[in-house]
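Taking the numbering used here, the leading residue of the sequence shown gets 17, the next gets one more, and so forth. Reading through the structure tokens given below for one structure.
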Amino acid sequence: MALNVAVKKHMSQRKYQVAGFIIGLLTAAYGVYVFIKRNFLTYMLLRSEFVFLDYEEPKLKFFLDYLALMGLCIFIAHYIAKLFRRVGSR
């Protein structure tokens with residue numbers, strides 16, 4: 017949301033759009049890494065009934081991983097919505 021405000025304020029400056037895309041892409045890439053590393057597909061498809069948490073893991077790393085996963089979902093949803101708008105306007 018904050019990035020959107022910055023882009024709207026300086027819409028003529030292409031470098032803000034490129035920087036926002038690169039930051040989003042890097043966040044999404046780390047989200048893909050976390051998705052694979054933490055084996056989220058097993059939990060999403062209910063192959064495992066319990067989520068076993070590592071209590072020895074630093075809390076900051078845990079929260080950053082989950083924020084990256086959320087960023088991945090936001091990135092995918094944003095660009096799918098953008099694709100639908102582009103297809104719908106034709």
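Even glycine gets a Cβ: it sits at the ideal position worked out from N, Cα and C.
Subject >> Touch test, the region 37-45 against the region 80-99, Cβ-Cβ under 8 Å, three pairs minimum >> reply: yes
Original post:
In whole angstroms, what separates the C-alpha of S105 from that of S64?
Top reply: 43 Å
Original post:
For D70 versus V50, is the C-beta distance shorter than 9 Å?
Top reply: no
Subject >> G36 beta carbon less than 9 Å from that of A84 >> reply: no
Original post:
What span of residues does the alpha helix (DSSP H) with A62 cover, start to end?
Top reply: The question names Ala, but residue 62 in the sequence shown is Leu. Neither: L62 is in no alpha helix (DSSP H) and is coded neither H nor E.
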